[in-house]
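K.L.:
In the working numbering, the protein residues as written are 2 to 227.
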């Protein structure tokens, strides 16, 4: 957004008309995120306690506004929320805790399921990672649970937040490659062994094929020669 770039450079006090997104959005009237923000009246007025910054772009360090990579901006956050509906693993919450930023995820992500096995207190953000149970039918419950965790975290003292940040880092340490690589190797070995077994079974002739390849004896004709 050129208007935002000019505003940042001029340091003027006049507010922009479009206060939420940091970059241009194609067909903003069809954008579900912007529509939801507008529906709830989150338009960043001065008297609003909740301010929204919508960043609809890849943070690669050359976006024109932040000009910082995702990994440079991530440590500046207090809390992250990744309410996954499906993630085989889910690297974003893991990346968050690796930088000491507590995160909220769900048990629809592999990372969330792993955290539940690793910790008995995975239902609270005080654990460093809060795992929310999510199904196909409990959207309102999930939203309410995330809301409660965010509000609870916002009321914590700095000393408590620092402790939670350290707890978050422990999950990143436990999920490092040197801890997980053995399980990956074991999984690949099992897959390769199973694949080799199937391949050998396909190459070996079946009993039916063996029977069919045996040459059948020719019948002699009983017709009399004239």
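Where is the CB? At the ideal position from N, CA and C, for every residue including glycine.
Buried or exposed for residue 131, going by 16 or more other Cβ atoms inside 10 Å?
P.N.:
Buried, by the Cβ-count rule.
K.L.:
Between the segment 115-123 and the segment 182-202, are three or more C-beta pairs nearer than 8 angstroms?
P.N.:
The segment 115-123 is not in contact with the segment 182-202.
K.L.:
For residue 99, which residues in the same chain have their Cβ closer than 6 angstroms to its Cβ, ignoring the five residues on either side in sequence?
P.N.:
Hits under 6 angstroms: 173.
K.L.:
Counting only runs that start and end within the segment 76-134, where is the beta strand (DSSP E) found for 3 or more residues in a row?
P.N.:
For the segment 76-134, whole beta strand (DSSP E) runs of length 3 or above, ordered along the chain, are 104-107 and 130-133.
K.L.:
Can you tell me whether DSSP reads residue 61 as helix, strand or coil?
P.N.:
Looking at residue 61 - three-state DSSP - the assignment turns out to be strand.
K.L.:
With DSSP as the reference, label residue 70 as helix, strand or coil.
P.N.:
If DSSP states are grouped into helix, strand and coil, residue 70 belongs with the strands.
K.L.:
Grouping DSSP H, G and I as helix and E and B as strand, with all else coil, what is residue 189?
P.N.:
If DSSP states are grouped into helix, strand and coil, residue 189 belongs with the helices.
K.L.:
From this set, 59, 25 and 21, which residue's C-alpha is nearest residue 1's C-alpha?
P.N.:
What is shown of the chain runs 2 to 227, which leaves residue 1 out entirely.
K.L.:
Tell me which residues share the same chain as residue 34 and place their Cβ nearer than 8 angstroms to its Cβ, disregarding the 5 neighbours each side in the sequence.
P.N.:
Cβ within range, chain order: 55 and 57.
K.L.:
Please determine, among 84, 23 and 47, the residue with the shortest C-alpha to C-alpha distance to residue 68.
P.N.:
If we check each option's Cα against that of residue 68, 23 comes out closest.
K.L.:
To the nearest whole angstrom, what separates the beta carbons of residue 102 and residue 78, a pair I think is in contact under 8 angstroms?
P.N.:
That pair is a contact at about 5 angstroms.
K.L.:
Under a Cβ-count criterion, where at least 16 other Cβ atoms within 10 Å of its own Cβ denotes burial, should residue 150 be classed as buried or exposed?
P.N.:
With 16 or more Cβ atoms within 10 Å of its Cβ, residue 150 is classed as buried.
K.L.:
Between the C-alpha atoms of residue 125 and residue 146, what's the straight-line distance to the nearest angstrom?
P.N.:
Those two C-alpha atoms are separated by around 10 angstroms.
K.L.:
Who does residue 22 pair with in a DSSP beta bridge?
P.N.:
According to DSSP, which records beta bridges pairwise, residue 22 is partnered with 55.
K.L.:
Given residue 109, which residues of its chain have a CB within under 6 angstroms of its CB, disregarding the five upstream and five downstream residues?
P.N.:
Here the set comprises 85, 86, 87 and 135.
K.L.:
Can the beta-carbon of residue 106 be found closer than 8 angstroms to that of residue 91?
P.N.:
For residue 106 and residue 91, yes; Cβs fall inside 8 angstroms.
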